[in-house]
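K.L.:
Sharing a structure here in structure tokens format.
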Amino acid sequence: LVVKPVVPDKAGYIGSTFHFTSGFEVSSVTTTSSDEFHGSIKLEFKSGHSKSEGCAFFFLPHQWEEGTRDDAVILHINNRATKGENLKNAAHVSGGTVFAVKCGLEADKINVLDIIW
Numbered sequence: 009l010v011v012k013p014v015v016p017d018k019a020g021y022i023g024s025t026f027h028f029t030s031g032f033e034v035s036s037v038t039t040t041s042s043d044e045f046h047g048s049i050k051l052e053f054k055s056g057h058s059k060s061e062g063c064a065f066f067f068l069p070h071q072w073e074e075g076t077r078d079d080a081v082i083l084h085i086n087n088r089a090t091k092g093e094n095l096k097n098a099a100h101v102s103g104g105t106v107f108a109v110k111c112g113l114e115a116d117k118i119n120v121l122d123i124i125w
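Residue 9 is where the sequence shown starts when you use our numbering, and the numbers rise one by one after that.
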């Protein structure tokens, strides 16, 4: 089990259910943020993973109220916009919100998640 700290005011990738290390499955993470209300995280998963369904967890530096996330946070999986059911406001923590992204990864392909807020 790997526990990754979140940094207040800084967006970040926390981990996933795709690999027990919560990090080995990732080839790159890119974050940009102009303030707590605007930014993005781009996560690229390595190809060749064995688990196809799971969740990825992200920290965003703003406390969104339940019900507003569909308008405030945009999610793309492999360059396709997805509906709100794939994105869940998982927890409020000091300085922000943890989101869970439910997704399926395609085997033998680099899969990309983009979160824009």
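Where a beta carbon is used, it is the ideal one built from N, C-alpha and C, also for glycine. Keep in mind that this is a model prediction, so the values were computed, not measured.
Assess, as a yes-or-no matter, whether the region 9 to 24 is touched by the region 35 to 53 under the definition of 3 or more beta carbon pairs within less than 8 Å.
P.N.:
In short, these stretches touch, since the Cβ pair count reaches three.
K.L.:
Identify whether alanine 99 lies in helix, strand or coil by the three-state DSSP scheme.
P.N.:
Locating residue 99 in the sequence shown gives position 91, counting from the first residue. Alanine 99: strand per DSSP, three-state reduction.
K.L.:
Kindly indicate if chain D contains any beta-carbon less than 9 Å away from that of cysteine 111.
P.N.:
Annotation note: the requested chain D is absent from the structure, which comprises a single protein chain.
K.L.:
Since valine 120 contacts asparagine 86 with CB under 8 Å, what's their CB separation in whole angstroms?
P.N.:
Along the sequence shown, read from residue 1 onward, the residue named residue 120 stands at position 112. Along the sequence shown, read from residue 1 onward, the residue named residue 86 stands at position 78. That pair is a contact at about 6 Å.
K.L.:
Using the DSSP secondary-structure output, state which residues sit across from asparagine 119 in a beta bridge.
P.N.:
For the purposes of this step, residue 119 is taken as the residue at position 111 of the sequence shown. Looking at the DSSP assignment, asparagine 119 forms a beta bridge with Phe53.
K.L.:
Taking its Cβ as the centre, do 16 or more other Cβ atoms sit within 10 Å of glutamate 114, making it buried, or is it exposed?
P.N.:
In the sequence shown, residue 114 corresponds to position 106, counting from 1. Exposed, since its Cβ has fewer than 16 Cβ neighbours within 10 Å.
K.L.:
Tell me whether glutamate 61 sits in a helix, a strand or coil according to DSSP, three-state version.
P.N.:
Numbered from 1 along the sequence shown, position 53 holds the residue referred to as residue 61. Of the three classes helix, strand and coil, the one that applies to glutamate 61 here is strand, per DSSP.
K.L.:
Starting from the Cα of phenylalanine 26, find the closest Cα among Gly47, Cys63 and Ser35 and give me that residue.
P.N.:
To locate residue 26, count along the sequence shown from 1; it is residue 18. The shortest Cα separation from phenylalanine 26 among Gly47, Cys63 and Ser35 belongs to Cys63.
K.L.:
Taking leucine 68 as the reference, give the member of Ser60, Thr90, Leu83 and Lys117 with the closest Cα.
P.N.:
Here residue 68 refers to the residue found at position 60 of the sequence shown. Among Ser60, Thr90, Leu83 and Lys117, the Cα nearest to that of leucine 68 is on Leu83.
K.L.:
Inspect the beta-carbon positions of tryptophan 123 and phenylalanine 66 and report whether they are closer than 9 Å.
P.N.:
Indexing the sequence shown from 1 puts residue 123 at position 115. Indexing the sequence shown from 1 puts residue 66 at position 58. Per the sequence shown, residue 123 should be read as isoleucine rather than tryptophan. A contact, by the Cβ cut-off of 9 Å.
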